[in-house]
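A short worksheet on the structure shown next.
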Amino acid sequence: MYDMKALYEATSVEDAIRLLTEHPDAKIIAGGSDVLIKMREGKLAGAELVSIYKIDALRGISMDPDGTIRIRPLTSFSHITRDPIIQQHINVLGEAVDMVGGPQIRNIGTIGGNTCNGVTSADSASTLHAYDAIMVIQGPDGVREKPIREFYLSAGKVDLRHNEVLTAILIRKESYEGFQGHYIKYAMRNAMDIATLGCSVNCKLSEDRKTILDARIAYGVAGPVPMRAPSAEAAAKGQPVCPETVEAFAKAALNDVNPRTSWRASKEFRMNLVEQLAKRALKEAIRLNGGEI
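Residue 28 is where the sequence shown starts when you use this note's numbering, and the numbers rise one by one after that.
What follows is the structure, encoded as structure tokens:
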């Protein structure tokens, strides 16, 4: 069923980097929910694989002394959803990854694989964009950090060189403190389906809950890569919590997106979703933060 040339099991990040350097055609495999499907379809016939699945240092969620949330790439979707740090500070990420596939996929699929495969429909990607996530990457030349908005280069391509490994996804304290968010996935079916459009919004309100101090919105499948909508964010920042602000926010989002027509939906339908989901997600984010529309 799986046509592979060789499988190498890395025992550490450094060992994985060494194996990838020694085998320039090898592919990384973690949970396998993406790679094994491609192999079964014959797209990676005869591939060499470097498994990082047994590297426990790449698994789990913790908080750094400065309040930065550190999500390691081998953490499964189901563990992210249940993690107390995620539930307390960025529960929207747990809700987003809980919409990936079915229980079996969520138990084996990893957030590192979900982001590193580069697809615009990844359910975790838009929420990570909305929280200004930082990707920590290690290779033979050391460690580098890349904002997630620069990590996605083009459709299906990310800024991860062949012999580099994603070691963490960071969300700084200033990116989540005081924010509440909501993610909406629109798909043809309620489960086991790829998003026709995904929309993640978070906002911070004034102490009296009457003013939007800051708002962030990011989309999946609104362009070739997951993307923020800065025009919408500018339209809401500093504005009163009211229906008119929500309308302006949603309308402005149309200036920043460029969805395409596919067999799942036309560009025109996706443009309508861009506007409608922005309204719904901002309203819910405001409600979660104690505001009223």
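Where is the CB? At the ideal position from N, CA and C, for every residue including glycine. Computed from a predicted structure; not experimentally measured.
Less than 9 Å separates the beta-carbon of A242 from that of A259. According to the DSSP assignment, M126 belongs to no beta strand (DSSP E), since it is labelled neither H nor E. The continuous stretches of beta strand (DSSP E) do not include Y158, and DSSP gives it neither H nor E.
For K54, the beta-bridge partners assigned by DSSP are L76. Under DSSP, T137 takes part in a beta bridge, and its partners are S103. Secondary structure remark: continuous alpha helix (DSSP H) runs of at least 4 residues inside the segment 215-272, in chain order: 257-263. Beta-carbon to beta-carbon, T102 and K200 are separated by about 20 Å, too far to satisfy the 8 Å threshold.
In the structure shown, A292 adopts coil according to DSSP, grouped into three states. If only complete runs of 3 or more residues are kept, the segment 184-217 shows the beta strand (DSSP E) at 192-198, 206-213, in order along the chain. About 7 Å separates the CB atoms of C226 and S153; that is less than 8 Å, so the two are in contact.
Around the beta carbon of Q207, a 10 Å sphere encloses 16 or more other beta carbons of the protein chains shown; the residue is thus reported as buried.
Between E191 and D83, the alpha-carbon positions lie close to 17 Å from each other. Listed in chain order, the non-local C-beta contacts of R236 below 6 Å within the same chain comprise G317, G318, local neighbours out to five positions each way being set aside.
If you draw a straight line from the Cα of G265 to the Cα of L232, it comes to about 9 Å.
Here K310 carries a helix assignment [DSSP, helix/strand/coil].
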